[in-house]
Amino acid sequence: MLSTIKDNVHLLRFEKSHDDLFEGCWPINDGVSINSYCLTGSKKKVLIDYVESGASFDDDLARLGLRIEDLDVLILNHMEPDHTGALSTLFARNPSIEVYATKLGATETETLYGHKNVHVITSGEELDIGGMTLVFYAAPNIHWPDTMMTYLKEDGILFSCDAFGAFGAYQSVYDDELTEREWALLKPETERYYANIVASFSSFVIRGIKSLSGLDIKTICPSHGIVWRKDPSYVVNWYLKLASYAEGPREDEVTILVSSMYGNTISYVQDLERIAKEAGVTTHTVRIPDVGSSYALEKVWRSKAFVVAAPTYERALFPPMAHCLDWFVRKEVKDRAVMHFGSSLWSGGAAAEFKTYAEKMKLDVVDAFDFRGKGTEDDRKRIEDSFRALLAKVKA
Ligand code: FEO
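At position 60 of the sequence shown the residue is numbered 59 (numbering that gives the first Met the number 0), and the sequence of numbers has no breaks.
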């Protein structure tokens, strides 16, 4: 889908289906867009980023009176295959196109695609494409090591690669066009995108945003999600806040992760939600595996504390919950208050495995125990008392 952002600056959007998984593992129930940008300077026709394997922007380019063969420059802000998977086709049709990339991106372009016409950028370097000046800024590890951003000086447009992106497919192109319903989707889908894709690189996000603070950014064009033209500072500050959750402070909220095989473990959750409500603390309850680790990460990332309610399965933690906690370790969730409880019949074992995850994440464990079957009144009291202690830490 083609949209013109400004004279000579065009957005090309490829919508991924809600049936796909992003990066092969993250659900995109509301889709996601892969954004590329075509800049038509008087000297050079430029494409910023491309698209995944099997897709193309031929139709959109045709509307601009262009073909792949007409492009002079391809800027690769990073090499992840959602933006580069179709490069073999592009290079076959336009073998002389000049690629601009960081040193790492250049190496990958040459190694993976055998394309030799690659210019290695230096941060701050400019390229005049005819009435339009592009400036390149290295932005390593937001979120790939080869990442850079491209800035159109005359119009203050930042092509920010994956930074400031979101899951979700939106009819609207710009922040000022979003309907109430789209905003309601954009909020959690930005936070889930951040927690799933960018969270582990939060220190680089903070550093990268600070390094761009001298730029007059009037519009942000990310490689996923919407274009921010009315208030680009909104998404910049939002990303800074999401990055700040890595070390804290975080929100006075508790995420309750719950798995249940026969209804015993989950039978306690409603009371926990009530107790939290009475204490004025927001809860987010996420079923595992029904809703899944992607959504659990989104909520846990922002929360000061979380509950792992999961039974024992074959002398260990219920496997889908163990898988979820493994994601947390990989995504550098740490330093939060936590409690665990869960039903077991024969041996127990969930609490012991939970503690190994808690140790890896340096969590502050308020309590962790297995109870038998439905549990006793003493078990109920222990769960509720521990949960109140957890809430006290949230409110401290
Ligand atoms: Fe949208 Fe890191 O690729």
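Quick reminder that beta carbons are idealized off the backbone N, C-alpha and C, glycines included.
query = To the nearest angstrom, how far is it from the Cα of residue 73 to the Cα of residue 54?
reply = 17 angstroms
query = Just to confirm, does residue 25 get its C-beta within under 7 angstroms of one of the non-hydrogen atoms of the ligand FEO?
reply = no
Spatial neighbours of residue 132 in its chain, beta-carbon cut-off 8 angstroms, leaving aside the 5 residues before and after = 125, 126, 151, 152 and 153
ask   = Taking the alpha-carbon positions, what's the residue 175 to residue 82 distance?
value = 26 angstroms
Residue 330 versus residue 130 - alpha carbon distance = Those two C-alpha atoms are separated by around 43 angstroms.
inquiry  = Under DSSP, the beta strand (DSSP E) around residue 56 begins and ends at which residues?
reply    = No beta strand (DSSP E) contains residue 56, which DSSP labels as neither H nor E.
key: C-beta atoms of residue 141 and residue 207 nearer than 8 angstroms   = Using a Cβ distance threshold of 8 angstroms, residue 141 and residue 207 count as a contacting pair.
request  = Note down, in chain order, each residue of its chain lying with its Cβ closer than 7 angstroms to the Cβ of residue 144, except the 5 sequence neighbours on either side.
outcome  = 103
ask   = Of all the beta strand (DSSP E) runs that stay within the bounds of the segment 64 to 102, which reach a length of 3 or more residues?
value = 72 to 74 and 97 to 100
ask   = What are the start and end residues of the alpha helix (DSSP H) that includes residue 203?
value = 201 to 210
ask   = Within the chosen definition, does the segment 228 to 238 reach the segment 268 to 284 through at least 3 CB pairs nearer than 8 angstroms?
value = no
message = According to DSSP, simplified to helix, strand and coil, what is residue 43?
response = coil
message = On a Cα-Cα basis, can you pick out the residue from 31, 336, 67 and 105 that is closest to residue 146?
response = By alpha-carbon distance to residue 146, the top candidate from 31, 336, 67 and 105 is 105.
query = Cβ of residue 19 within 7 angstroms of any heavy atom in the ligand FEO?
reply = Not under cutoff, so the answer is no.
message = Quick check on residue 112: does DSSP put it in helix, strand or coil?
response = helix
ask   = Which one or two residues does DSSP pair with residue 220 in a beta bridge?
value = 158
ask   = Which residue spans inside the segment 254 to 291 form an unbroken alpha helix (DSSP H) run of at least 4?
value = 268 to 277
request  = Could you round the C-beta distance between residue 340 and residue 382 to whole angstroms and report it? I think they count as a contact, below 8 angstroms.
outcome  = 5 angstroms
query = Roughly how many angstroms lie between the CA atoms of residue 326 and residue 306, to the nearest whole one?
reply = Looking at the two C-alpha atoms, the distance is approximately 16 angstroms.
query = So who's on the other strand from residue 318, going by DSSP bridges?
reply = In the DSSP output, where bridge partners are listed per residue, residue 318 has none listed.
key: Cα-Cα separation, residue 94 to residue 121   = 24 angstroms
ask   = alpha helix (DSSP H) containing residue 235: first to last residue?
value = 231 to 243
query = How big is the Cα-Cα spacing for residue 259 and residue 289?
reply = Roughly 10 angstroms separates the two Cα atoms.
ask   = Where do the N-terminal and C-terminal ends of the alpha helix (DSSP H) with residue 385 fall, by residue?
value = 376 to 394
task = Compute the minimum distance between the beta carbon of residue 51 and the heavy atoms of the ligand FEO, and state whether it is under 7 angstroms.
result = no
task = Quick one: residues in its chain with C-beta nearer than 6 angstroms to the C-beta of residue 96, no 5 flanking neighbours on either side, listed in chain order?
result = Contacts found: 70 and 73.
ask   = In whole angstroms, what is the alpha-carbon distance linking residue 80 and residue 345?
value = 47 angstroms
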